[in-house]
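Undergrad: Before I ask anything, let me first share the structure, which is written out below as structure tokens.
There are 2 protein chains.
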Amino acid sequence: MTITERDIMGGLAKGLAVIETFTADRPRQSIAEAAAAAGMDRATTRRCLLTLAHQGYADYDGKFFTLTPRVLRLGTACLATMPLPQMVQPWLDALSEELGESSSVSILDGAEIVYVARAAQRKVMSIALMPGSRLPAYCTSMGRVMLAALPEVQARDILAAELPARTSHTLTDAGAILQELARVRAQGYAVIDQEVELGLRSIAVPVLNARGKVVAALNFGLPARGEPLQSVVDHYLPAMLRGQTELRRVLR
Amino acid sequence: MTITERDIMGGLAKGLAVIETFTADRPRQSIAEAAAAAGMDRATTRRCLLTLAHQGYADYDGKFFTLTPRVLRLGTACLATMPLPQMVQPWLDALSEELGESSSVSILDGAEIVYVARAAQRKVMSIALMPGSRLPAYCTSMGRVMLAALPEVQARDILAAELPARTSHTLTDAGAILQELARVRAQGYAVIDQEVELGLRSIAVPVLNARGKVVAALNFGLPARGEPLQSVVDHYLPAMLRGQTELRRVLR
DNA sequence: GCCCATCTGTGCGATATGTCAACAACGGTT
DNA sequence: AACCGTTGTTGACATATCGCACAGATGGGC
């Protein structure tokens, strides 16, 4: 089977692109705005939006389009197909309870990590994280362990993008991060000290399936109290490694 | 402007339908399976799936298709456009902390409620709820307050569907539920006693915007301990009504 | 009110897409 | 091995869709 150009449906690709033009900054868009954001012709964008409205994925007041909760179904369809969230959630709750801090599981999507399960204990971060939330991989503990598991070429590729300093602690040099990835790979965990947000530390380990492939990452987030990082590792790592072993047995 | 048939893009509608054929029961589908589930021609379904794969929304191993986390972007795009979740989350956390039980905010999508924000305190329900999760409206406290706010015709329409008894306590008669909706409307809150799951009670109030329109619902879930429902109401309702008033001021 | 800029809606030709039917490949059954 | 039903793939043709260009609509500034 050869995937020819004839097998690609432009209309579908364009419609999905239009959905993705809706962001927190632009929750309501006119046809022209969406067209500009998607880099498409207005006429085509109009047809996409009218189709979305007709199918119940968007609302239209005659001037502006907004997405409806129906769109959430698409994402939910995706989360539901992942065995991971349901399997780790109860176990995550228990672990989080035991250690008294928030823990999460995320997967890698391109240059971003995507939260798929979370057990929140107290609020450390300024932004609320929930399943579906995204953060850049390069400056997060879970991102580091998953980047470390990639072939070096791919990691290098992801780190070739812009790496903004989210705090004064953020590593922004691709070379330095690659070096850190090597260490993460060797020691089997990653520790982050306020690189994503001031006052926040986190520690992550990879989640492997039964075949030993890294499929996700598990982390704990905790307030930065000035104690040495090593004591954080000593405190959290053992329980996390236990979890890693358990998960590995149950993940096909 | 008249929405003619000419303005609908069949390909987009079909592609979205294909995405929705992926469920927890069918996380991996062959072309023929997806075609059967979507009620479409195999050739068309194949082009949809190949397009999704080409755009990064699906993976293809030559035999089976699976959705990728990229699809979550679509849902996330939608959640991000809602001002509600970000606005209520901090406040939800505080309220939940104060009363020591889990609280959530959901919106109505057809016959289902969709969780958009949640502050979990302890585990009462067997299933993990998170933003994007869905439950039927007819047997949930948040569903009841939102159904009560609809024009009667629409509520009747939603209750015309199958209403399975999730527990022995579940109201399954549309007439009885409509009667309950009238009471909910009059008293301004809904209380559910183990209708969705044994051992779980919940109480909900509508969330109004500044114009007085019901845009969401706020609830508390708690374990059923056999105390009279009235004492539950006395304990939780005052704080919830305070929240309702606060939210009303800030929601445009 | 008038002008200008921008937007939405629409006709049209070129092109892509949907549907149907046919066909080859595959796996299971007898 | 021949048979069967199913699946993935391809070709052909009718039809839908794209993107362009234009007309009418809208709104802001003065």
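One line per chain: the protein sequences are A and B, in this order. Using my numbering, count along the first sequence one by one with no gaps and you end on 252. Using my numbering, count along the second sequence one by one with no gaps and you end on 252. All C-beta atoms in this analysis are idealised placements derived from N, C-alpha and C, irrespective of residue type, glycine included.
1. In its own chain, which residues sit with a C-beta less than 8 Å from the C-beta of Met1(B), not counting the 5 before and 5 after it?
2. Assuming Ala239(B) and Leu92(B) are in contact, meaning their beta carbons sit under 8 Å apart, how far apart are those beta carbons, in whole angstroms?
3. What ranges does the beta strand (DSSP E) occupy inside the segment 102 to 170 of chain B, keeping only unbroken runs of at least 3 residues that lie completely in it?
4. Can you tell me whether DSSP reads Gln55(A) as helix, strand or coil?
5. Who are the near neighbours of Gly221(B) in its chain, counting only those whose CB is closer than 8 Å to its CB and skipping five residues on each side?
6. Under a CB-based cut-off of 7 Å, is Ala128(B) close to chain A?
7. I'd like the span of the alpha helix (DSSP H) that includes Arg249(A), first residue to last.
8. Threshold first: 3 residues or longer. Then list the beta strand (DSSP E) segments lying entirely within the segment 7 to 81 of chain A, N to C.
9. Along chain A, which residues have their Cβ under 7 Å away from the Cβ of Leu12(B)?
10. By the DSSP assignment, the beta strand (DSSP E) with Ala190(B) in it spans what residues?
11. Run through the DSSP bridge pairs and tell me what Val196(B) is partnered with.
12. Closest to Ala119(B) by CA distance: which of Pro90(B), Arg73(B), Val214(B) is it?
13. Under 7 Å, Cβ to Cβ, is there at least one residue of chain A near Pro131(B)?
14. Buried or exposed: where does Ala210(B) fall if 16 or more other Cβ atoms within 10 Å of its Cβ makes it buried?
15. List the whole-angstrom C-beta distance separating Leu208(A) from Arg248(A), where the pair is believed to meet the contact cut-off of C-beta under 8 Å.
16. Is there at least one Cβ from chain A nearer than 7 Å to Arg70(B)'s Cβ?
17. Let me know if Ile3(B) comes out buried or exposed under the rule of 16 or more other beta-carbons within 10 Å of its beta-carbon.
18. Assess contact between the segment 173 to 185 of chain B and the segment 142 to 154 of chain B, defined as three or more Cβ pairs (one per stretch) separated by less than 8 Å. Is contact present?
19. Out of Gly10(B), Leu237(B), Val71(B), Pro85(B), state which residue places its alpha-carbon closest to the alpha-carbon of Phe22(B).
20. What does DSSP give as the partner residue(s) for Val205(A) in the beta ladder?
21. Is the beta carbon of Ile8(A) sitting closer than 7 Å to the one on Thr167(B)?
22. Hey, His169(A) and Glu195(A): beta-carbon distance below 7 Å or not?
23. Less than 7 Å between CB atoms is the rule here; does Glu197(A) satisfy it with respect to chain B?
24. At a CB-CB cut-off below 9 Å, which residues of chain B make contact with Glu20(A)?
25. Using a Cβ-Cβ distance under 7 Å, would Ser81(B) count as near chain A?
26. Just checking, does the segment 58 to 69 of chain B make contact with the segment 27 to 34 of chain B on the three C-beta pairs under 8 Å criterion?
27. Taking its Cβ as the centre, do 16 or more other Cβ atoms sit within 10 Å of Ile73(A), making it buried, or is it exposed?
28. Kindly indicate if chain B contains any beta-carbon less than 7 Å away from that of Val114(A).
29. Could you tell me which of Pro223(B), Asn219(B), Pro206(B) sits nearest to Thr245(B), measuring between CA atoms?
30. Given this structure, state the Cα-to-Cα distance separating Arg225(B) from Leu218(B), to the nearest angstrom.
31. Compare the C-beta of Ile3(B) against all C-beta atoms of chain A and say whether one is closer than 7 Å.
32. Below 9 Å on C-beta distance, what does Asp7(A) contact in chain B?
33. Contact criterion: CB-CB distance below 7 Å. Does Ile158(B) meet it with respect to chain A?
34. Would Gln89(A) pass as an interface residue toward chain B - the criterion being a Cβ-Cβ separation below 7 Å?
35. Determine the direct distance from the alpha carbon of Arg46(B) to that of Leu129(B), and round the result to whole angstroms.
TA: Taking the structure as given:
1. Looking up residue 1(B) in the second sequence gives position 1. Residue placement at Met1(B) is poorly supported in this model, since its pLDDT is 47, which falls under 50; the coordinates still yield a value, given next. Same-chain partners within the cutoff: there are none.
2. Within the second sequence, the letter at position 239 stands for residue 239(B). Within the second sequence, the letter at position 92 stands for residue 92(B). Not a contact, Cβ separation roughly 12 Å.
3. 102 to 109, 112 to 119, 134 to 136
4. Here residue 55(A) refers to the residue found at position 55 of the first sequence. The answer is coil: DSSP assigns Gln55(A) none of H, G, I, E or B.
5. The residue given as residue 221(B) occupies position 221 in the second sequence. Taken in chain order, the residues that qualify are Glu101, Ser102, Ser103, Ser104, Val124, Met125, Leu200, Arg201, Ser202.
6. Here residue 128(B) refers to the residue found at position 128 of the second sequence. Yes, because at least one Cβ of chain A sits closer than 7 Å to the Cβ of Ala128(B).
7. The count along the first sequence starts at 1 and reaches residue 249(A) at position 249. Counting along the chain, the alpha helix (DSSP H) containing Arg249(A) begins and ends at 229 to 250.
8. 58 to 60, 65 to 67
9. Residue numbering aside, residue 12(B) sits at position 12 when the second sequence is read from its first letter. Close partners of Leu12(B) in chain A (Cβ separation under 7 Å): Gly11, Leu12, Gly15, Cys48, Thr51.
10. Reading the second sequence from its first residue, position 190 is the one you call residue 190(B). Judged by DSSP secondary structure, Ala190(B) falls within the beta strand (DSSP E) whose first and last residues are 190 to 193.
11. By 1-based counting over the second sequence, the position of residue 196(B) is 196. Per DSSP, none; premise fails for Val196(B).
12. Within the second sequence, residue 119(B) is the residue found at index 119, counting from 1. The shortest C-alpha separation from Ala119(B) is found at Pro90(B).
13. Position 131 of the second sequence, counting from 1, holds the residue named residue 131(B). Yes, because at least one Cβ of chain A sits closer than 7 Å to the Cβ of Pro131(B).
14. Start at 1 with the first residue of the second sequence, and residue 210(B) comes out as number 210. Exposed, because fewer than 16 other Cβ atoms sit within 10 Å of the Cβ of Ala210(B).
15. Working through the first sequence from its first residue, we reach residue 208(A) at position 208. Working through the first sequence from its first residue, we reach residue 248(A) at position 248. Yes, Leu208(A) and Arg248(A) are in contact; Cβ-Cβ is about 5 Å, under 8 Å.
16. On the second sequence, residue 70(B) is found 70 positions in, with the first residue counted as 1. At least one chain A Cβ lies under 7 Å of Arg70(B).
17. Counted from its first residue, the second sequence places residue 3(B) at position 3. Confidence at Ile3(B) is low in this model, with a pLDDT of 48, below 50, so the placement of that residue should be treated as unreliable; the coordinate-derived value is given next. Per the 10 Å Cβ criterion, exposed.
18. yes
19. Sequence index remark: in the second sequence, residue 22(B) carries index 22 (1-based). The residue with the shortest Cα to Cα distance from Phe22(B) is Val71(B).
20. Taking the first sequence and counting its residues from 1, the one referred to as residue 205(A) is at position 205. In DSSP, Val205(A) forms a bridge with Leu218(A).
21. Counted from its first residue, the first sequence places residue 8(A) at position 8. Counted from its first residue, the second sequence places residue 167(B) at position 167. No, Cβ-Cβ distance for Ile8(A) and Thr167(B) is not below 7 Å.
22. The sequence position of residue 169(A) within the first sequence is 169, counting from 1. The sequence position of residue 195(A) within the first sequence is 195, counting from 1. In this structure, Glu195(A) lies closer than 7 Å to His169(A) by Cβ.
23. Walking along the first sequence from the start, residue 197(A) turns up at place 197. At a cut-off of 7 Å between C-beta atoms, Glu197(A) does not count as an interface residue with respect to chain B.
24. Position 20 of the first sequence, counting from 1, holds the residue named residue 20(A). Those are Arg73, Leu74, Ala77, listed as they occur along chain B.
25. Reading the second sequence from its first residue, position 81 is the one you call residue 81(B). Checking the sequence, you will find Thr at residue 81(B) rather than Ser. Cβ-Cβ to chain A under 7 Å: yes for Thr81(B).
26. yes
27. Position 73 of the first sequence holds residue 73(A). In the sequence under discussion, the amino acid at residue 73(A) is Arg, which differs from the Ile named in the question. Around the beta carbon of Arg73(A), 16 or more other beta carbons sit within 10 angstroms, so the residue counts as buried.
28. Stepping through the first sequence from its first residue, residue 114(A) is reached at position 114. Interface residue, yes.
29. Locating residue 245(B) in the second sequence gives position 245, where the first residue counts as 1. For Thr245(B), the nearest C-alpha among the options comes from Pro206(B).
30. Within the second sequence, the letter at position 225 stands for residue 225(B). Within the second sequence, the letter at position 218 stands for residue 218(B). One C-alpha to the other measures close to 22 Å.
31. Position 3 of the second sequence, counting from 1, holds the residue named residue 3(B). In this prediction, Ile3(B) scores a pLDDT of 48, lower than 50, which makes its location untrustworthy; the coordinate-derived value is nonetheless stated afterwards. Yes, Ile3(B) counts as interfacial toward chain A.
32. Translated into the one-based positions of the first sequence, residue 7(A) becomes position 7. Correct list: Arg46, Arg47, Leu50, Thr51, His54.
33. Taking the second sequence and counting its residues from 1, one reaches residue 158(B) at position 158. Chain A contact via Cβ: absent.
34. Here the question's residue 89(A) lines up with position 89 in the first sequence. With 7 Å as the cut-off, Gln89(A) counts as an interface residue toward chain B.
35. Numbered from 1 along the second sequence, position 129 holds the residue referred to as residue 129(B). Numbered from 1 along the second sequence, position 46 holds the residue referred to as residue 46(B). Their backbone Cα atoms lie some 34 Å apart in a straight line.
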